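Protein chains in written order, with the working numbering: chain A, 14 to 124; chain B, -19 to 96.
Heads up, the beta-carbon is just placed ideally off N, CA and C, and yes, glycines get one too.
Keep in mind it's a predicted model, so treat the numbers as computed, not measured.
Report on one structure; see the data block that follows.
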């Protein structure tokens, strides 16, 4: 079926290093959402991108939506231990009814 | 504070039992969803509902059914539980989407189901 692929599956960084996770779709997306799931918690909505080439920032987090609306990225600058968790992207394939979630990127941080 | 409440945090059931997982939201959301989460597989959609008494199959509906008799409540039913249904089950809700715009999903805390 139609999929949204997310890489990497795991990422371990030293505190203070940057982190990026990528989301790719083979078909055009109407929008892309990003979620964060803390260890033992549930996914929490972070942001939605709708426009081609859109860039949004939340403090140290930068979200981008590709020009072709087929890929997206989440970049964290200078990671902190509070950033630990799994980050999911979720996109709506154009014409489809529901969001498709990526497999998630699990971020661990060495303090 | 808006909430999606799942009835149980942990549940242990025997193979062959009929299992009910309940989800209630207090945000007047039209859409409700059931996902299962397994390591390495991310979130997989089981069923979803856009309105009362209405349901749509997701990506992995086999072995499951759902019920939505009231707008705020969406139940997931395992007709005859099997060990391969051991998983974390997450309920979510949202407002109805626009043409290109989706509202963010609000997730419940999850039910960790173990079938023995």
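- In chain order, 58 make up the part of chain A whose C-beta sits under 7 angstroms from the C-beta of residue 85 of chain B.
- Within 10 angstroms of the beta-carbon of residue 101 of chain A lie 16 or more other beta-carbons, which makes it buried.
- Exclusion of the five residues before and after residue 47 of chain B leaves 55 and 57 as the residues of its chain whose Cβ lies within less than 7 angstroms of its Cβ.
- At a C-beta separation below 9 angstroms, residue -4 of chain B has no neighbours in chain A, since its nearest C-beta there lies roughly 29 angstroms away.
- For residue 96 of chain A, the secondary structure class from DSSP, reduced to helix, strand or coil, is helix.
- When the Cα atoms are used, residue 91 of chain B and residue 41 of chain B turn out to be separated by approximately 18 angstroms.
- In the three-state reduction of the DSSP assignment, residue 63 of chain B falls in the helix class, which pools H, G and I.
- Between the region 46 to 55 of chain A and the region 63 to 73 of chain A there are fewer than three C-beta pairs closer than 8 angstroms, too few to call the two in contact.
- Residue 45 of chain B sits in a strand when the DSSP states are folded into three classes.
- Excluding the 5 residues flanking it on each side, residue 30 of chain A has same chain C-beta neighbours closer than 8 angstroms at 91 and 92, in chain order.
- Across the set B:71, B:-12 and B:-6, the C-alpha of B:-6 shows the shortest separation from the C-alpha of residue 65 of chain B.
- Taking the C-beta atoms as reference points, residue 53 of chain B is found no nearer than 7 angstroms to residue 96 of chain B.
- Take residue 33 of chain B, set aside five residues on each side of it, and the residues of its chain with a beta-carbon closer than 8 angstroms to its own are 48 and 49, in chain order.
- Across the region 27 to 56 of chain B, CB contacts with chain A closer than 9 angstroms involve 28, 30, 36, 38 and 39, in sequence order along the chain.
- DSSP places residue 34 of chain B in the coil class of the three-state scheme, outside both helix and strand.
- For residue 48 of chain A, the enclosing beta strand (DSSP E) has its first and last residue at 42 to 50.
- Taking 9 angstroms as the Cβ-Cβ cut-off, the region 108 to 123 of chain A approaches chain B at 110, 111, 112, 113, 114, 115, 116 and 117, given in chain order.
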